[in-house]
Amino acid sequence: MPKSQNRSRRLGVAWALSSAVGGALMVIPWKLANEAGDPAHSVLLLLGVAALGNSALVLVQRFSPGAARVRIGATELWVAALLAVFTLLGNVGSALAVQHLSPALLNVLLRADIIFVAVFGWLLLGERVERRFWIGALVAVIGLLVLQGPMGEAGILGLLDSGTGMAVAAAACFSGLAIVTRRFIHRIDPVAVNMIRLWLAVGLWFPFNTLPRFFEIPREQVVYATLAAVAGPFLGRLALMNSARYIEARLTTLASLSAPVLTLLLAFVLLSDWPETHELIGGAIMIMGISIPLLRLGQRASGELSR
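Heads up, the numbering used here is the position in the sequence shown plus 17, with the first residue counted as 1.
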């Protein structure tokens, strides 16, 4: 492989790992924010800060020399509205789930969006799914059951009322973002849609919640939710977008699986939080299952680099 391509690949991997670090840093203040106050207020703060940051970035990009004009038409608006619904539901589910889960476990469960994307892509977009995906999905489901631990009298239905169930539901909602984007990516302006999506998600929050007075929200909740928004939806997403310029999507996704491990270490150092044994084992099994469909690309990339 030429030195320039090798350098580009290393740069792409570095951006992907930076995104994973952003994801790891995001869930710790996210948990603290939802412990400090009403989770609904945390969601509003998270989306509001992310929308402001994204809007500022769009303005900088659009007013730079040679930048393309922002295109906002009917297609952009209704696609952004659909994405906003998934955004709001996913963040609400995440806020409720993290009250009952450690940051590392939440990060593991949110990685299930990789499986949902493949399944929904197969059902709705007619995308091809390889046999190794179904093997990986089965392993991930086994990991989910191990992670949940003893079912109790409620049995498997108890999963639906737990933090685990809320996290998996959030992952399904976040996967909807990827599916809708794939379906309409060639008909929309992605930068404009992403900005509109966040502001519409903020707007959708109000019909279902009472607007609090700002001074009634605990100061620590504002600080933690802001830190979570900057680390995850803003800087983490920005790093992920930059990595896509240099490396394949599956390799970027594979790098993102390091986020739960980083979260585990950070949560232990900062919060003295350590999951139970069955949660650690189940989480490891889930990560292994999710990674199975992605490993072939990593093996190919290794082969190319050795030539």
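Glycine included, every Cβ here is placed at the ideal spot set by N, Cα and C.
For residue i, count neighbouring C-beta atoms within 10 Å of its own C-beta (all shown protein chains included) and say buried if the count is 16 or more, exposed if not.
{"i": "residue 51", "result": "buried"}
{"i": "residue 9", "result": "No answer is possible for residue 9: it lies beyond the span of the chain, which begins at 18 and ends at 324."}
{"i": "residue 287", "result": "exposed"}
{"i": "residue 227", "result": "exposed"}
{"i": "residue 120", "result": "buried"}
{"i": "residue 311", "result": "buried"}
{"i": "residue 104", "result": "buried"}
{"i": "residue 187", "result": "buried"}
{"i": "residue 291", "result": "exposed"}
{"i": "residue 202", "result": "exposed"}
{"i": "residue 282", "result": "exposed"}
{"i": "residue 59", "result": "buried"}
{"i": "residue 32", "result": "buried"}
{"i": "residue 296", "result": "buried"}
{"i": "residue 82", "result": "exposed"}
{"i": "residue 245", "result": "buried"}
Let me check understanding here. Comparing Cα to Cα, which of the options lies closest to residue i?
{"i": "residue 44", "options": "150, 79, 295, 118", "result": "118"}
{"i": "residue 158", "options": "133, 90, 69", "result": "133"}
{"i": "residue 34", "options": "257, 294, 49, 196", "result": "257"}
{"i": "residue 110", "options": "126, 237, 215, 292", "result": "126"}
{"i": "residue 139", "options": "25, 200, 92, 128", "result": "200"}
{"i": "residue 248", "options": "70, 57, 55, 213", "result": "70"}
{"i": "residue 280", "options": "239, 73, 37", "result": "37"}
{"i": "residue 65", "options": "236, 215, 278, 235", "result": "215"}
{"i": "residue 122", "options": "218, 40, 231", "result": "40"}
{"i": "residue 224", "options": "300, 185, 246, 102", "result": "102"}
{"i": "residue 75", "options": "295, 207, 302", "result": "207"}
{"i": "residue 94", "options": "237, 250, 212, 301", "result": "212"}
{"i": "residue 161", "options": "304, 299, 204", "result": "299"}
{"i": "residue 243", "options": "79, 25, 48", "result": "48"}
{"i": "residue 67", "options": "241, 146, 250", "result": "250"}
{"i": "residue 180", "options": "164, 137, 241", "result": "164"}
{"i": "residue 73", "options": "137, 135, 255, 294", "result": "255"}
Ignore the nearest five residues each way along the sequence and tell me which others in residue i's own chain have a CB closer than 6 Å to its CB.
{"i": "residue 23", "result": "none"}
{"i": "residue 189", "result": "133"}
{"i": "residue 106", "result": "190"}
{"i": "residue 130", "result": "188, 191, 192"}
{"i": "residue 307", "result": "128, 131, 157"}
{"i": "residue 98", "result": "217"}
{"i": "residue 53", "result": "235, 237, 238"}
{"i": "residue 183", "result": "110, 113, 114"}
Can you give me the Cβ contacts of residue i inside the same chain, cut-off strictly under 7 Å, excluding the 5 residues immediately before and after it?
{"i": "residue 309", "result": "149, 152, 153, 156"}
{"i": "residue 218", "result": "64, 101, 104, 105"}
{"i": "residue 253", "result": "36, 39, 40, 43"}
{"i": "residue 25", "result": "263"}
{"i": "residue 229", "result": "58"}
{"i": "residue 325", "result": "Missing from the structure shown is residue 325; the chain here goes from 18 to 324 and no further."}
{"i": "residue 96", "result": "197, 201, 205, 210"}
{"i": "residue 274", "result": "128, 304, 307, 308"}
{"i": "residue 145", "result": "none"}
Mind checking which residues open and close the alpha helix (DSSP H) that includes residue i?
{"i": "residue 105", "result": "91–115"}
{"i": "residue 263", "result": "Careful: residue 263 lies outside any alpha helix (DSSP H) and carries neither H nor E."}
{"i": "residue 59", "result": "56–79"}
{"i": "residue 211", "result": "207–222"}
{"i": "residue 193", "result": "180–201"}
{"i": "residue 234", "result": "Note, residue 234: premise wrong, no alpha helix (DSSP H); not H, not E."}
{"i": "residue 291", "result": "Unbroken run through residue 291: none, as it is neither H nor E."}
{"i": "residue 140", "result": "130–142"}
{"i": "residue 153", "result": "148–165"}
{"i": "residue 122", "result": "120–127"}
Spatial neighbours of residue i within its chain, please: CB distance less than 8 Å, with the 5 preceding and 5 following residues excluded, ordered by chain position.
{"i": "residue 27", "result": "none"}
{"i": "residue 56", "result": "109, 112, 113, 116"}
{"i": "residue 124", "result": "40, 41, 44, 276, 277, 280"}
{"i": "residue 221", "result": "101, 102, 105"}
{"i": "residue 92", "result": "201, 204, 205"}
{"i": "residue 301", "result": "160"}
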